[in-house]
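Peer 1:
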């Protein structure tokens, strides 16, 4: 890639458009201080994306825009463009602009781009990096004073291992973080394992409790299912017996009814035959009624007794259930009480332990604080000692340098002493020879002076012509630039409808792609300049009417304006507008009549209707008097008359006139005319510029040709003058040297003696300094040892503190857990206590009710006995009545016997029925008992956590059921022996156990991550080291090569110093001059340092070359001889890259193929280019 051209405008001191030709291998840029040379460097840095304000010498980004001077206004924007030829031979243009409003824009081939895109186009290593492609004097100074680590970093950049080191840094941070995570995880593992051990015993008891409880449920399911089946079977048998009793009762009732029927029939027969016995019969009947009443009362009492017995059984079962609940709650009450005592005791223990751990933690923190203070003091001592050591090393280096300098001077003085005598003899011979040569040179000098005077006169005349032509061309270009900006501004105003109403702007902005929307009337007409005022006054605001093709879309335009609240617009649809124009030929003959406006302006025929609508029958006349004459003469004609000055007589006769500061519509029409005028002027300027450029080329050619001839003559004259001056100087020097030789000899003797005395002093001082350095080094080792020990103790103390914090967290966790359990158990304890009290009250009320029921049953039974006695008495009295009747009817005893027999039979059946009813009642009571027993069984099952749905219904014999019941009781006793168990500990144990397993898995993952990271770091180190070593080797070879070129007989090497890997070691520059040992860079003179750093930079260029290098006064510290060496070095490398040199040195200027002189006038930098390449070609061509 090659730089071809650079264009700067509005950047810092380059206010005007300035172009620098860079199409050469070496370009020299010169000029006095403050002329703006460095602004070229800043411009290139700025274009390539430099972000540092210090590098481009600004305080804020707007400082790069030219701020104005006495004769030049401030620039609106800063522009920097470069033209390059890429690797494919394609010409590309790259630019950057910054406008006054802060907008930055990068461009590639006049298209908007990003900085990244520019880097992609430029390519090449080092472009855009401040150290490689652009090297300033400050950077050379920084390199001279750079530390070994800074030099290493420079080579790292050249090697391109920065990405490796960044990856390694990230990996090391991740590794340290991972190791810290491992330490924290080990602390957590220690605490979690301790918790697991603590919870293991409690969990074991809880598991045993769960095992017995599960066995209890397993057996209970079988037992309760079998017991339930047994109860159901008994109930079924009893229900069968009850049904059989019901059937028997039914049979007995049927027989009883039959006996009763026979009895009534017999009785009726006896009554019919023995009326005399009616009294006995009535009496017997009366007894029977009373007997029936007693029997009914007996039945009622029996029913009430049965009901009371049922209630007693029900309440008895209810009491048993509550007693079971009371027993269960009492048991749980005791368990909760024990748990509360246990956890409160544990809580107190944890609180005490927390206090102890907190005190220990405070002590450790206090200890750490004290150790940190000690560590700070020790580090401060190390720092002070290191500073002292550094000062001593500097003093030592100074003394060594002074010693080397003294030794070198002694050798020089000794040699000088030996050569002085020989020099005196040689000078005498030279003086005679020089006098003859000086006479010959003076004659040649006089002849050349005459020739140069004549040639100079011609060159000065041509220079004046060239300057005038150049200035005129610049003026034309400036006028062209100004005209182009005016055209651009006017075009922008027209296209953006500047000066039109807000509604029109909004409408064209929204519908600019709508083909139906043509334009405003003003933009569709062309008006002669002298009629602009008249036409503006006639049309007025109608010039801003919008012409559209079709009226269909107007509603959408109006709706948009309404929605945007933009204003109102008048539309002229071509499909609707139909003006009626009537011309009067007699007007055309009137003096001062110009014509109808529609005939005086130009427009396309397709817009004719719209234009005629706007202007109608309006005419233009030369003056107001003419207008008044025509209006008075043609009063019946509807006519609008305008003068060329803008006075208006409208159709009704109203007159408008006077002075107007400025009519917007007139200005809009003027703007169109100005645009056409400017375009015409631009074409003329372009033609004139072409002519002047051709003329300038011819003048430049003649000027360069005569200048070259003049230069040759001046070179010859300079050579003669130089020879004369050298001869004169040599004569004087030889004479002076001859006179001062003996004096110089004595001075040398004295200086040799003083140098030897100073050497002895330096050796003594060096010995003292070395002793002091060793003492300070020992002191630093001792202090660092103390620091290491304190840091080791601190690390241990920090670990202990971390453990205490972890333990404190665990204790607080346990304490909070126990506190939560205590609160839960207290709540449960209070609830159980209330439940026990409620159950006791309920049992007491049930017992009271049972007493009342039993008392009532006893009373009922007593009443029943009384009724049974009365029934027995009634039966006795009836028997007595029958005996009396028998005695009264001895003749009819058979019938009475039969009646008695039926009576006995009826009583017998009744007794059997009563007996069966009592038996059924007892069976009902037994069913109730069995149902209650079943309910109690279900409640009992629920108490051990078994639902009815889970019963295993399997028939077992009584021995098997009894065995299961005994096993259940045994398990209950065992559970009671185990005591209260906190089942939550199982979940807690499993949770902690899971946490332990997870933590162990995390530890395995972390260890694997550490291994992976270490392997990755090792791989990065190997790749980076290999790449770095290859680059270092190449840089070292090239550095040695360039040192040998710059210091004949010398040598230079780059040494790695320090420990660690290659890319972690520092780099030291050592150079050996002829006849001397290797020395560090700091021991050389300023000029030598500049040469050595130049060699280092050129070595870097060979390793990682940039397409071009801009060297900003890096030769400043060099004398002519060393500057010549640097110039030679640059020339030797022009095949590899392109050099742009900013310099004050003549030798550096001479190597340039293109020469740019920078001057400043009125605060603006200007460039005077000289193309040496062209001049050389011109010199070779025949005259």
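Residue numbers (full-length UniProt numbering): 1 to 1183. Ideal Cβ positions, reconstructed from N, Cα and C, are used throughout, including at glycine. All values reported here derive from a predicted model rather than from experimental measurement.
1. Report the three-state DSSP secondary structure of residue 128 (helix, strand or coil).
2. Hey, quick one: how far does the alpha helix (DSSP H) through residue 1086 stretch, first residue to last?
3. Ignore the nearest five residues each way along the sequence and tell me which others in residue 939's own chain have a CB closer than 8 Å to its CB.
4. Alpha carbons only, please: which of 1098, 1082, 1027 is nearest the one belonging to residue 1038?
5. In terms of residue numbering, what span does the beta strand (DSSP E) encompassing residue 113 cover?
6. Return the Cβ separation of residue 476 and residue 685 in integer angstroms, given the expectation that the two are a contact with Cβ distance under 8 Å.
7. Compare the C-alpha of residue 503 against each of 567, 537, 458, 459 and name the closest.
8. Using three-state DSSP, classify residue 19 as helix, strand or coil.
9. Quick one: what's got a C-beta closer than 6 Å to residue 648's C-beta in the same chain, skipping five residues either side?
10. Could you give the distance in angstroms between the alpha-carbon of residue 706 and the alpha-carbon of residue 449?
11. Could you check which residue in 957, 13, 121 has the C-alpha nearest to that of residue 89?
12. So, with DSSP's three-state summary, where would you put residue 107?
13. Buried or exposed for residue 1223, going by 16 or more other Cβ atoms inside 10 Å?
14. What residues in its chain sit with their C-beta under 7 Å from that of residue 956, if we drop five residues either side in the sequence?
15. Contact between the region 958-976 and the region 254-271 is defined here as three or more beta-carbon pairs at a separation below 8 Å; is this criterion met?
16. Give me the residue from 520, 1091, 1064, 944 with the minimum Cα distance to residue 1073.
17. What I want to know is whether the C-beta of residue 926 ends up closer than 8 Å to one or more non-hydrogen atoms of the ligand ATP.
18. Return the residue from the list 1146, 59, 1161 that minimises the CA-CA distance to residue 1155.
19. Quick one: using the 10 Å Cβ neighbour count with 16 as the cut-off for buried, is residue 584 buried or exposed?
20. What are the boundary residues of the alpha helix (DSSP H) that includes residue 984?
21. In terms of alpha-carbon separation, which member of 291, 466, 1131, 220 lies closest to residue 942?
22. Would you tell me roughly how many angstroms separate the C-alpha atoms of residue 130 and residue 50, rounded to the nearest one?
23. Could you check which residue in 728, 1035, 683, 152 has the C-alpha nearest to that of residue 1057?
24. How would you call residue 1152, buried or exposed, if buried means at least 16 neighbouring beta carbons within 10 angstroms?
25. To the nearest angstrom, how far is the alpha carbon of residue 652 from that of residue 628?
26. Which of the three DSSP states is assigned to residue 751 in this structure?
27. Using a Cβ distance threshold of 8 Å, determine whether the region 838-848 contacts the region 303-311, with at least three qualifying pairs required.
28. For residue 1079, name the three-state secondary structure that DSSP assigns.
29. From residue 26 to residue 84, what distance separates their C-alpha atoms?
30. Closest to residue 456 by C-alpha separation, out of 396, 689, 710, would be which residue?
31. Please classify residue 482: is it buried, with 16 or more other beta-carbons within 10 angstroms of its beta-carbon, or exposed?
32. Compare the beta carbon distance of residue 579 and residue 602 with 9 Å and say whether it is the shorter of the two.
33. Please report the distance separating the alpha-carbon of residue 891 from that of residue 898.
34. Below 8 Å on the Cβ atoms is my guess for residue 962 versus residue 235; work out the distance and round it to an integer in Å.
35. Would residue 1050 and residue 1071 qualify as a contact pair, given that the criterion is a beta-carbon distance under 9 Å?
36. How about residue 462 and residue 703: do their beta carbons lie closer than 9 Å?
Peer 2: Taking the definition as stated:
1. The residue you call residue 128 lines up with position 128 of the chain shown. Below a pLDDT of 50, predicted positions are generally treated as unreliable, and residue 128, at 44, falls in that range; the measurement from the model is reported next regardless. In the structure shown, residue 128 sits in coil (DSSP, three-state: anything other than H, G, I, E or B).
2. Here residue 1086 refers to the residue found at position 1086 of the chain shown. Here the alpha helix (DSSP H) through residue 1086 covers 1086-1103.
3. Translated into the one-based positions of the chain shown, residue 939 becomes position 939. Result list for residue 939: 321, 324, in chain order.
4. If you number the chain shown from 1, residue 1038 lands on position 1038. The option with the nearest alpha carbon to residue 1038 is 1098.
5. Numbered from 1 along the chain shown, position 113 holds the residue referred to as residue 113. Segment 111-113, the beta strand (DSSP E) holding residue 113.
6. Taking the first residue of the chain shown as position 1, residue 476 is located at position 476. Taking the first residue of the chain shown as position 1, residue 685 is located at position 685. That pair is a contact at about 6 Å.
7. Residue numbering aside, residue 503 sits at position 503 when the chain shown is read from its first letter. Answer by Cα proximity: 567.
8. Here residue 19 refers to the residue found at position 19 of the chain shown. Residue 19 falls in the strand class under three-state DSSP.
9. Position 648 of the chain shown holds residue 648. Excluding residues within five positions, the ones whose Cβ falls inside 6 Å are 537, 642, 656.
10. Mapped onto the chain shown, residue 706 falls at position 706. Mapped onto the chain shown, residue 449 falls at position 449. Roughly 16 Å between the two C-alpha positions.
11. Sequence index remark: in the chain shown, residue 89 carries index 89 (1-based). Comparing Cα positions, the closest option is 121.
12. Taking the first residue of the chain shown as 1, we reach residue 107 at position 107. Here residue 107 sits in strand by DSSP.
13. Since the first residue shown for the chain is 1 and the last is 1183, residue 1223 is missing from the structure and cannot be characterised.
14. The residue given as residue 956 occupies position 956 in the chain shown. Around residue 956: 226.
15. no
16. Stepping through the chain shown from its first residue, residue 1073 is reached at position 1073. Ranking 520, 1091, 1064, 944 by Cα distance to residue 1073 puts 1091 first.
17. No copy of the ligand ATP appears in this structure; indeed no ligand is present at all.
18. Indexing the chain shown from 1 puts residue 1155 at position 1155. Checking every option, the nearest Cα to that of residue 1155 belongs to 1146.
19. Taking the chain shown and counting its residues from 1, one reaches residue 584 at position 584. Label assigned to residue 584: exposed.
20. Working through the chain shown from its first residue, we reach residue 984 at position 984. 984-1046 is the span of the alpha helix (DSSP H), which, as asked, contains residue 984.
21. Sequence index remark: in the chain shown, residue 942 carries index 942 (1-based). Nearest of 291, 466, 1131, 220 to residue 942, Cα basis: 220.
22. Stepping through the chain shown from its first residue, residue 130 is reached at position 130. Stepping through the chain shown from its first residue, residue 50 is reached at position 50. Only weak support is given to the placement of residue 130: the predicted model assigns it a pLDDT of 39, under 50, and the value that follows is read from those uncertain coordinates. Going by the C-alpha atoms only, they are around 8 Å apart.
23. Position 1057 of the chain shown holds residue 1057. Checking every option, the nearest Cα to that of residue 1057 belongs to 152.
24. Working through the chain shown from its first residue, we reach residue 1152 at position 1152. It is buried - the Cβ of residue 1152 has at least 16 other Cβ atoms within 10 Å.
25. Working through the chain shown from its first residue, we reach residue 652 at position 652. Working through the chain shown from its first residue, we reach residue 628 at position 628. Whole-angstrom Cα-Cα distance: 13 Å.
26. The residue labelled residue 751 in the question sits at position 751 within the chain shown. Residue 751: helix per DSSP, three-state reduction.
27. no
28. Sequence index remark: in the chain shown, residue 1079 carries index 1079 (1-based). Reduced to three states, the DSSP call for residue 1079 is strand.
29. Walking along the chain shown from the start, residue 26 turns up at place 26. Walking along the chain shown from the start, residue 84 turns up at place 84. Cα to Cα, the separation comes out at about 15 Å.
30. Reading the chain shown from its first residue, position 456 is the one you call residue 456. Closest option to residue 456, Cα to Cα, is 710.
31. Position 482 of the chain shown, counted from the first residue, corresponds to residue 482. The residue in question, residue 482, is exposed, as its Cβ has fewer than 16 Cβ neighbours within 10 Å.
32. As a working note, residue 579 is residue 579 in the chain shown. As a working note, residue 602 is residue 602 in the chain shown. No, these two residues do not count as a Cβ contact at 9 Å.
33. Here residue 891 is taken as the residue at index 891 of the chain shown, counted from 1. Here residue 898 is taken as the residue at index 898 of the chain shown, counted from 1. Reliability of the predicted coordinates at residue 891 is poor, the pLDDT of 48 falling under 50, and the value obtained from them is presented with this limitation in mind. For residue 891 and residue 898, the distance between alpha carbons rounds to 14 Å.
34. Position 962 of the chain shown holds residue 962. Position 235 of the chain shown holds residue 235. That pair is no contact at about 20 Å.
35. For the purposes of this step, residue 1050 is taken as residue 1050 along the chain shown, with counting starting at 1. For the purposes of this step, residue 1071 is taken as residue 1071 along the chain shown, with counting starting at 1. Closer than 9 Å, so yes.
36. Sequence index remark: in the chain shown, residue 462 carries index 462 (1-based). Sequence index remark: in the chain shown, residue 703 carries index 703 (1-based). Going by C-beta atoms, residue 462 is nearer than 9 Å to residue 703.
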